[in-house]
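Asks:
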Amino acid sequence: MDFLEKLHLLRRKMDADGIGIFIMPSADPHQSPSVCAHWKTVQWLTGFTGSLATCIVSKDNIALWTDGRYVFQAQRELQGKNIEQHMLSDPNAPDYCEWIHRNMGDGEKIAIDKELISVAEYRKLEGRLTPRFIIEDKKDYIGEIWNDRSPISPEPLFELPESYAGISRAEKINTVRQSMERKDVAQYLTSSLDAVAWLTNLRGHDNPIYPLFHSYLHFTKDKTILYADASKISVSISEELKKDGIILRNTAEIFSRLPLETGEEKIYIDPYKISTCLYNALSPSAYVVEGMDMITYIKSMKSEAERHNIMESNIKECTALCRLIKYIKDNVGKKFMNEYMIGQQVNEFRSMDPLFLQPANIPIVAVGENAALPHYKPQKEKSREIVPQGFLLFDLCAHYLTGSTDITRTIQVGPLSEEMRRDYTNVLKAHISLAMMVFPFGTTGFVIDGVVKSHQWRHYMDYNTGTGHGIGYCLDIHEGPCKIVNEFTPLFPYAMTTPLDTGMLFSNEPGVYKKDRFGVRLENNIMVREDRVNEFGRFLRFETLTYCPFELGAIVKEMLSIEELEWLNQYHKKTYELLSPHLTGAEREWLKRETREL
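Numbering (the working numbering), first residue to last: 2 to 599.
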């Protein structure tokens, strides 16, 4: 079915059910940053491929909201479909509640699946839309017309060995219980898939790019209960869970068990991460305490064992990326290559390492105007040829058993204009400013984002994305609670108010995107480290963990300060020292040239 056929079926169903408005988020029951194909309802209906969107369908209109990463992409993918498009951070755009008030008459029925909307978002929606409109819970409403829907993967779970996980399940459970004591609660409920996977040291295949599995965790006074698909868990893993005091129950049982087990006790939840449907399953007598999800905060501060492993992952990934860059530069103009092929080629180089687990994103590989779309993903049938002209941008993420990486480089594949070189250098200056930053404890990503973006602002440019996001440990690539961003993001509601702290891992990815022309982004992984304590307080700094060459031919040396030039030369010196032992003789010679002193 094409878009119009799907829309017709949906509206016919809405009309039969007396529904005037259908609210469709790009969400799963766990409020995940990226969902598996089974939950991509917005993408299925509209053809928009971005990971974040809310779509509103009425009898006569259809509108879609997304964030700055996908604005140009939405314009391209939704062209000709008569779908209103709005950016979440645009102060002049209506949010979807305002849009409903403007476009709908009194008494209309609004359908929404309460399993796909958080408690916090539903409260906002209910407060702004009632009593003028009637809100009805319609579980899996679009599923009734989605005949070719992808199933959730039946593949079994696997255990991340403690040598890679860094911390045992027992230690993690103890840490959570200590946090419960500090918050004076008897129970704690989380539905975040990365939180469950982190605590259990289990990984799965329910999401094609993140090794997660659909599940819930419920801590009571004396029990730790994992709700998951028991058919995916082997007898040996079940026995190990049991030894660590974890009770295993099937996923669907949670809705019948929660009313009985929450009783009249204090239970801690994160209203931004718990679905309205799950919240409604709590005992009416339970005393609910709300705040940031406990595990989300705990796991964001990586242990020293995790830090060491993540550094190893970056070395492994940068070795593969160096081989990829050399492959591209050796072959551009000599053999046929397109964007899609490059995204597949990198896996051949990654697979040379036995600890490579799987890709952690759908490859972003873009040339020309495609690179102006920050999250452009080439399709096999629609992919641009790589010719010796301008820039090629790739953003590639990977999971190794030793942790996850997220790295972007913009490389020269042909002649560059002076504008391209100046823009590249300006992005590099912004990147270096974050890498070298020292800041007092209490500083949030909101502040840091503005400091880094000032390199663009002073040239009357900007980029509608954050400068950095948290990175999970063989979990979600986008991890909370912190984010280096200057706008509210629904999936990371604490990003603007939570201070950065020791052990938090971030991307460092400033860029510039010039519509219909080109884009530049440079991304490393950085970790917050202690610096010093003095009379002015406690100061933190960033440690760079990614070492992969920058494009020397794209740098205007005169634009760099002495300090920036020294940082770049030292960075390239260390890049060669770390990566050369893992390369062949010819590859080492190539890397020596790519990391020469500027």
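Positions of the beta carbon are idealized from the N, C-alpha and C atoms, including for glycine.
Using C-beta distances below 7 Å, list every residue in its chain close to Tyr142, excluding the 5 sequence neighbours before and after it, in chain order.
Replies: If you number the sequence shown from 1, residue 142 lands on position 141. The residues are Phe23, Ala112, Asp114.
Asks: Which value, in whole angstroms, describes the spacing of the CA atoms of Lys233 and Glu559?
Replies: Taking the first residue of the sequence shown as 1, we reach residue 233 at position 232. Taking the first residue of the sequence shown as 1, we reach residue 559 at position 558. If I take the Cα positions, the gap works out to 58 Å.
Asks: Within a Cβ cutoff of 6 Å, which residues of the same chain sit near Tyr288, ignoring the five residues on either side of it in sequence?
Replies: The residue labelled residue 288 in the question sits at position 287 within the sequence shown. Lys267.
Asks: Taking Trp147 as the reference, which of Ala38, Ala587, Asn348 has the closest Cα?
Replies: Position 146 of the sequence shown, counting from 1, holds the residue named residue 147. Of the candidates Ala38, Ala587, Asn348, the one whose C-alpha sits nearest the C-alpha of Trp147 is Ala38.
Asks: Among His573, Asn535, Leu546, Arg539, which has the Cα closest to the Cα of Glu552?
Replies: Start at 1 with the first residue of the sequence shown, and residue 552 comes out as number 551. That would be His573, whose Cα lies nearest to the Cα of Glu552.
Asks: For Glu524 versus Ile408, is the C-beta distance shorter than 9 Å?
Replies: Residue numbering aside, residue 524 sits at position 523 when the sequence shown is read from its first letter. Residue numbering aside, residue 408 sits at position 407 when the sequence shown is read from its first letter. Taking 9 Å as the Cβ cut-off, Glu524 and Ile408 qualify as a contacting pair.
Asks: If you run the structure through DSSP and keep just helix, strand and coil, what is Asp396?
Replies: Locating residue 396 in the sequence shown gives position 395, where the first residue counts as 1. Correct three-state label for Asp396: strand.
Asks: I believe Ser169 touches Glu163 by the beta-carbon criterion, under 8 Å. Please report the beta-carbon distance rounded to the nearest angstrom.
Replies: Position 168 of the sequence shown, counted from the start, is the residue given in the question as residue 169. Position 162 of the sequence shown, counted from the start, is the residue given in the question as residue 163. So it is a contact: roughly 5 Å between Cβ atoms.
Asks: Can you tell me whether Gly469 is buried or exposed, with buried defined as 16 or more other CB within 10 angstroms of its CB?
Replies: Taking the first residue of the sequence shown as 1, we reach residue 469 at position 468. Answer is buried; the Cβ neighbour count reaches 16.
Asks: Do Glu307 and Gly404 come within 9 Å of each other at the CB atom, strictly closer than that value?
Replies: As a first step, residue 404 must be located in the sequence shown, where it is residue number 403. As a first step, residue 307 must be located in the sequence shown, where it is residue number 306. The answer is yes: Cβ separation under 9 Å.
Asks: Strictly under 9 Å for the Cβ-Cβ distance: is Tyr97 near chain B by that measure?
Replies: Checking the listed chains, one finds no chain B in this structure; it contains a single protein chain.
Asks: Following the continuous beta strand (DSSP E) through Leu358, name the residue where it begins and the one where it ends.
Replies: Here residue 358 refers to the residue found at position 357 when the sequence shown is read from its first residue. That run of the beta strand (DSSP E) goes 357-360.
Asks: Buried or exposed: which applies to Ser52, given that a residue is buried once 16 or more other Cβ atoms fall within 10 Å of its Cβ?
Replies: Along the sequence shown, one-based indexing puts residue 52 at 51. Result: buried.
Asks: In chain order, what residues of the same chain lie with their CB nearer than 6 Å to the CB of Lys484, ignoring the 5 residues before and after it?
Replies: Walking along the sequence shown from the start, residue 484 turns up at place 483. Counting only Cβ-Cβ distances below 6 Å, and skipping sequence neighbours, we find Gly446, Gly467, His470, Phe493, Ala496.
Asks: Assuming contact is defined by CB atoms lying nearer than 9 Å, are Leu65 and Gln32 in contact in what I supplied?
Replies: As a first step, residue 65 must be located in the sequence shown, where it is residue number 64. As a first step, residue 32 must be located in the sequence shown, where it is residue number 31. The answer is no: Cβ separation not under 9 Å.
Asks: Considering only the beta carbon of each residue, do Gln345 and Pro212 sit closer than 9 Å?
Replies: Numbered from 1 along the sequence shown, position 344 holds the residue referred to as residue 345. Numbered from 1 along the sequence shown, position 211 holds the residue referred to as residue 212. Not a contact, by the Cβ cut-off of 9 Å.
Asks: Keeping to the same chain, check which residues put their C-beta closer than 6 Å to that of Tyr474; ignore five residues upstream and five downstream.
Replies: Against the sequence shown, residue 474 aligns to sequence position 473. Excluding sequence neighbours, Tyr474 sits near Glu307, Gly404.
Asks: On the three-state DSSP scale, how would you describe Phe256?
Replies: Along the sequence shown, read from residue 1 onward, the residue named residue 256 stands at position 255. In the structure shown, Phe256 sits in a helix (DSSP, three-state: H, G or I).
Asks: Could you please give the first and the last residue of the uninterrupted alpha helix (DSSP H) stretch that includes His102?
Replies: For the purposes of this step, residue 102 is taken as residue 101 along the sequence shown, with counting starting at 1. Here the alpha helix (DSSP H) through His102 covers 97-104.
Asks: Phe4 by DSSP, collapsed to three states: which one?
Replies: On the sequence shown, position 3 is the one that residue 4 refers to. Three-state DSSP puts Phe4 in a helix.
Asks: Tell me which residue opens and which closes the beta strand (DSSP E) that Glu480 is part of.
Replies: By 1-based counting over the sequence shown, the position of residue 480 is 479. Taken as a continuous stretch (DSSP letters only), the beta strand (DSSP E) holding Glu480 covers 480-485.
Asks: Just tell me which of Tyr341, Arg423, Phe489, Arg522 has its CA closest to the CA of Pro92.
Replies: Walking along the sequence shown from the start, residue 92 turns up at place 91. It is Phe489.
Asks: How many Å lie between Val333 and Ala321 at the Cα?
Replies: For the purposes of this step, residue 333 is identified with residue 332 of the sequence shown, where counting begins at 1. For the purposes of this step, residue 321 is identified with residue 320 of the sequence shown, where counting begins at 1. So the alpha carbons of these two residues sit roughly 18 Å apart.
Asks: Does the Cβ-Cβ distance between Ile255 and Ile174 come in under 9 Å?
Replies: On the sequence shown, residue 255 is found 254 positions in, with the first residue counted as 1. On the sequence shown, residue 174 is found 173 positions in, with the first residue counted as 1. For Ile255 and Ile174, no; Cβs fall outside 9 Å.
Asks: Kindly indicate the opening and closing residues of the beta strand (DSSP E) around Cys278.
Replies: Taking the sequence shown and counting its residues from 1, the one referred to as residue 278 is at position 277. Premise fails: Cys278 lies in the alpha helix (DSSP H), 277-281, not in any beta strand (DSSP E).
Asks: Buried or exposed for Arg13, please, with buried defined as at least 16 other CB atoms from any protein chain shown within 10 angstroms of its CB.
Replies: Here the question's residue 13 lines up with position 12 in the sequence shown. Classification for Arg13: exposed.
Asks: If you drop the 5 nearest sequence neighbours on each side, which residues of the same chain put their C-beta closer than 6 Å to that of Ala54?
Replies: Locating residue 54 in the sequence shown gives position 53, where the first residue counts as 1. Hits under 6 Å: Ser27, Val43, Leu65, Thr67.
Asks: Quick one: measure Cβ to Cβ for Phe519 and Gly391, integer angstroms, because I've assumed they're closer than 8 Å.
Replies: Indexing the sequence shown from 1 puts residue 519 at position 518. Indexing the sequence shown from 1 puts residue 391 at position 390. Confirmed, Cβ separation roughly 6 Å.
Asks: Quick check on this structure: which residue in Met437, Phe395, Lys327, Cys398 has the alpha carbon closest to the alpha carbon of Val529?
Replies: Here residue 529 is taken as the residue at index 528 of the sequence shown, counted from 1. Of the listed residues, the one whose Cα sits closest to Val529 is Met437.
Asks: Does the Cβ-Cβ distance between Arg77 and Leu374 come in under 9 Å?
Replies: Position 76 of the sequence shown holds residue 77. Position 373 of the sequence shown holds residue 374. Cβ distance < 9 Å, so Arg77 and Leu374 count as in contact.
Asks: State the CB to CB distance for the pair Cys323 and Leu546, rounded to an integer number of angstroms; the pair is presumed to be in contact (CB under 8 Å).
Replies: The count along the sequence shown starts at 1 and reaches residue 323 at position 322. The count along the sequence shown starts at 1 and reaches residue 546 at position 545. In fact, because the Cβ distance is near 16 Å, the residues do not count as touching under 8 Å.
Asks: DSSP state of Asn526, grouped into three classes?
Replies: The sequence position of residue 526 within the sequence shown is 525, counting from 1. DSSP places Asn526 in strand when its eight states are reduced to three.
Asks: In whole angstroms, what is the alpha-carbon distance linking Tyr298 and Glu156?
Replies: Here residue 298 refers to the residue found at position 297 of the sequence shown. Here residue 156 refers to the residue found at position 155 of the sequence shown. Going by the C-alpha atoms only, they are around 29 Å apart.
Asks: Assuming the contact rule is C-beta atoms closer than 8 Å, Asn339 and Arg385 should be a hit. Round their C-beta distance to whole Å, please.
Replies: Counting from one through the sequence shown, the residue named residue 339 turns up at place 338. Counting from one through the sequence shown, the residue named residue 385 turns up at place 384. Confirmed, about 6 Å.
Asks: Could you tell me which residues DSSP puts in a beta bridge with Ile22?
Replies: Your numbering for residue 22 matches position 21 in the sequence shown. DSSP output for Ile22 lists Ser59, Ile111 as bridge partner(s).
Asks: Work out the CA separation of Asp195 and Asp138 for me, nearest whole Å.
Replies: Indexing the sequence shown from 1 puts residue 138 at position 137. Indexing the sequence shown from 1 puts residue 195 at position 194. When rounded, the distance between both Cα atoms is 27 Å.
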